[in-house]
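In what follows, a structure is listed as structure tokens, so that the remarks can point back to it.
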Amino acid sequence: MTVAEASPVGQGVDVEEVLREGGLSAFHRRAILVTGAAWTFVAMEILLVGFVQVLFAATWHLNGTWQGLINSSALAGSLAGSLVLGRIADRIGRRTIFQYAILWYAVFTAVTAAAWGPWSVMAFRFLAGLGLGAMLVVDPSMLAEYLPPQRRGRLLVFLDFWWPVGLLVAVGLSWLFIGHQIGGADSWRWLFLTASFPAFMTFVVRRTLPESPYFLARAGRREEAAEVLAAITGRRVSPEALAAAGEPHASARELASPALRRTSALMVAVWIALNVSYYGFFLWLPFVLQAEKQFTIDVYLLLALSALSQFPGYAAAIWLVERIGRKPTLAAFLLLGGVSGYVFAAAGSQAVLVAALFCVGFFNLGAWGAVYPYTSELFPTRLRSSAFGMLEGVGKAAAIAGPYLFGNLRDATGGTFWPLTFVALVMAAG
Numbered sequence: 329m330t331v332a333e334a335s336p337v338g339q340g341v342d343v344e345e346v347l348r349e350g351g352l353s354a355f356h357r358r359a360i361l362v363t364g365a366a367w368t369f370v371a372m373e374i375l376l377v378g379f380v381q382v383l384f385a386a387t388w389h390l391n392g393t394w395q396g397l398i399n400s401s402a403l404a405g406s407l408a409g410s411l412v413l414g415r416i417a418d419r420i421g422r423r424t425i426f427q428y429a430i431l432w433y434a435v436f437t438a439v440t441a442a443a444w445g446p447w448s449v450m451a452f453r454f455l456a457g458l459g460l461g462a463m464l465v466v467d468p469s470m471l472a473e474y475l476p477p478q479r480r481g482r483l484l485v486f487l488d489f490w491w492p493v494g495l496l497v498a499v500g501l502s503w504l505f506i507g508h509q510i511g512g513a514d515s516w517r518w519l520f521l522t523a524s525f526p527a528f529m530t531f532v533v534r535r536t537l538p539e540s541p542y543f544l545a546r547a548g549r550r551e552e553a554a555e556v557l558a559a560i561t562g563r564r565v566s567p568e569a570l571a572a573a574g575e576p577h578a579s580a581r582e583l584a585s586p587a588l589r590r591t592s593a594l595m596v597a598v599w600i601a602l603n604v605s606y607y608g609f610f611l612w613l614p615f616v617l618q619a620e621k622q623f624t625i626d627v628y629l630l631l632a633l634s635a636l637s638q639f640p641g642y643a644a645a646i647w648l649v650e651r652i653g654r655k656p657t658l659a660a661f662l663l664l665g666g667v668s669g670y671v672f673a674a675a676g677s678q679a680v681l682v683a684a685l686f687c688v689g690f691f692n693l694g695a696w697g698a699v700y701p702y703t704s705e706l707f708p709t710r711l712r713s714s715a716f717g718m719l720e721g722v723g724k725a726a727a728i729a730g731p732y733l734f735g736n737l738r739d740a741t742g743g744t745f746w747p748l749t750f751v752a753l754v755m756a757a758g
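What follows is the structure, encoded as structure tokens:
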């Protein structure tokens, strides 16, 4: 008996119900692998520019403000891309935008190799950021709309495990091209050309991932939706009985209502702290290690350590939110991350620097692991998507400001101690 046949006469069956009854399948493993790989490449593309700051500064005689603008340019593009292309995806389909977004940012990453000055780098990084912003919205949305609802939350959390993988890929490529001077003074150009390789994901997606069954059902393409659901769950569904799941309309204005005003303001502050501290620290980290913290240990080894430290931090946070609670875990990780950031800023020995660097990565990404479930439990179900959308938007705006403010402070103070201290204080205050 099919799912549709099991429903009462005259009633339809929605996509949510079919996915719930279907459980996890081999299709989900493929979807998690493909969307996780895409998440890896998004992280790599956003963080990659930080690894060439020393070369840019030396070649074009840039001060901290210019370096901050270049670091923030892809983030500015990603904010615009997430707002505009995220809405377009609701109209023309997740899979279509997914493919074009990958191709778009890969092309403009390659074009960055032809940059002739800071303005052109900023322009090309902004354009690449448009595609990255679309991926930041569409990638988790696509995965969510394939998953059974009872497993959705936990599996979506694990998508963030792929983010530090992207940082490791960026470290590896930078070590290969810049660390070994491949191409000489033009090593950074070869780096950006090579970093466009995620374009191949366009063809992987076309061959492995179908359109979202939710989108197809809402668009009235029920036969296609039924075929996709059969591929996902292995169960036949009657197209005539299929309907998209509907949710009560919720206004984002309710987030500012007296009942939720304090909660919304609190979470805005937390998301600002997380974004400013993460992007302010990690986009400037390669420059800090290469130009300021000059110890005998290899810079790329330290950068790899900072990426590796994020895996246990995230895992620890996921474990602790179930043991001691979401709020205590988030508060502890923010505070300890801020303290670690200050110790890193003031480090006068190699041992202290290495330990502090590990702790910054551990606690910062761990805080990200705690903020999602904590945010989710603070808002009612019907407002949850609106709350996350608002907080992601505010967070990305803050992310743009983080690297820029870091650069301004470096110009004003003549070093990176106070910018690093500022980032640490912002995180601890969150």
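The working numbering applies: residue 329 is where the sequence shown begins, and numbers increase by one. Glycine included, C-beta positions come from ideal geometry on N, C-alpha and C.
(1) Hey, could you find the ends of the alpha helix (DSSP H) Arg482 is sitting in?
(2) Over the uninterrupted alpha helix (DSSP H) stretch that includes Gln427, give me the two end residues.
(3) Please classify Gly512: is it buried, with 16 or more other beta-carbons within 10 angstroms of its beta-carbon, or exposed?
(4) What do you reckon, are the CB atoms on Trp367 and Trp490 nearer than 9 Å?
(5) Let me know the beta strand (DSSP E) ranges lying completely inside the segment 489-546, each 3 residues or longer, listed in chain order.
(6) In the DSSP assignment, find the unbroken alpha helix (DSSP H) run with Gly548 in it and report its ends.
(7) Taking the alpha helix (DSSP H) that Tyr607 falls in, what are its first and last residues?
(8) May I ask which residues mark the beginning and end of the alpha helix (DSSP H) holding Gln381?
(9) Tell me, to the nearest whole angstrom, how far the beta carbon of Glu373 is from that of Ala456; I am working on the premise that it is less than 8 Å.
(10) Does DSSP put Gln304 in a helix, a strand or coil?
(11) Between Pro731 and Gly608, is the Cβ-Cβ spacing less than 9 Å?
(12) Below 8 Å, can you find three or more Cβ-Cβ pairs linking the segment 341-357 to the segment 550-566?
(13) Give me the Cα-Cα distance between Pro759 and Leu602, rounded to the nearest whole angstrom.
(14) Check the C-beta distance from Phe716 over to Pro640 and give it rounded, since I have them as a contact under 8 Å.
(15) Grab the span of the alpha helix (DSSP H) containing Glu705 for me, first residue to last.
(16) Given this structure, state the Cα-to-Cα distance separating Phe686 from Ala632, to the nearest angstrom.
(17) Using 8 Å for Cβ pairs, my map puts Ser400 next to Lys724. What's the rounded Cβ distance?
(18) Mind reading off the beta-carbon distance from Leu753 to Gly666? Whole number of angstroms is fine, and I expect it under 8 Å.
(19) Just mark Asn391 as buried or exposed, buried being the case when its beta carbon has 16 or more other beta carbons within 10 Å.
(20) State the Cα-Cα distance for the pair Trp599 and Val722, rounded to the nearest angstrom.
(21) Short of 7 Å in beta carbon distance, which residues of its chain neighbour Ala584, apart from the five on each side in sequence? Order them along the chain.
(22) Compute the Euclidean distance between the alpha carbons of Gln638 and Gly694, then round it to the nearest angstrom.
(23) Does the segment 408-419 come close enough to the segment 512-521 to have 3 or more Cβ pairs within less than 8 Å?
(24) Where does Ile360 fall in DSSP's three states?
(25) Hey, quick one: how far does the alpha helix (DSSP H) through Val649 stretch, first residue to last?
(26) Have a look at Leu570, Thr440 and Ala635 and flag the residue whose alpha-carbon is nearest the alpha-carbon of Asn692.
(27) Could you give the DSSP three-state label for Ser335: helix, strand or coil?
(28) Helix, strand or coil, according to DSSP, for Gly457 in the structure here?
(29) Is the distance from the Cβ of Leu495 to the Cβ of Ile360 below 9 Å?
(30) By a C-beta neighbour count over all protein chains shown, 10 Å radius and 16 as the cutoff for buried, is Lys621 buried or exposed?
(31) On the three-state DSSP scale, how would you describe Thr330?
(32) Give the DSSP-derived three-state secondary structure of Val412 in the structure shown.
(33) How would you call Trp432, buried or exposed, if buried means at least 16 neighbouring beta carbons within 10 angstroms?
(34) At what residues does the alpha helix (DSSP H) containing Gly666 begin and finish?
(35) Use the C-beta contact count for His356: other C-beta atoms within 10 angstroms, 16 or more gives buried, fewer gives exposed.
(36) Please name the residue in Ala442, Val497 and Gly409 whose C-alpha comes closest to that of Tyr428.
Quick look at the numbers:
(1) Pro477 to Val485
(2) Arg422 to Val439
(3) exposed
(4) yes
(5) none
(6) Careful: Gly548 lies outside any alpha helix (DSSP H) and carries neither H nor E.
(7) Arg589 to Phe610
(8) Gln381 to Trp388
(9) 7 Å
(10) In the structure as shown, the chain starts at 329 and stops at 758, and residue 304 therefore has no counterpart that could be examined.
(11) yes
(12) yes
(13) Nothing in the structure corresponds to residue 759, since the chain is present only between 329 and 758.
(14) The Cβ separation is near 26 Å, so there is no contact.
(15) Gln678 to Leu706
(16) 10 Å
(17) Not really, about 11 Å apart at Cβ, beyond 8 Å.
(18) 6 Å
(19) exposed
(20) 8 Å
(21) Ser592
(22) 7 Å
(23) no
(24) helix
(25) Gln638 to Arg651
(26) Ala635
(27) Here Ser335 scores only 40 on pLDDT, less than 50, and its place in the model is too uncertain to base an answer on.
(28) helix
(29) no
(30) buried
(31) Per-residue confidence for Thr330 stands at a pLDDT of 40, beneath the threshold of 50, marking its modelled position as unreliable; the derived number appears in the next sentence. Looking at Thr330 - three-state DSSP - the assignment turns out to be coil, as it is neither helix nor strand.
(32) helix
(33) buried
(34) Arg654 to Ala674
(35) buried
(36) Gly409
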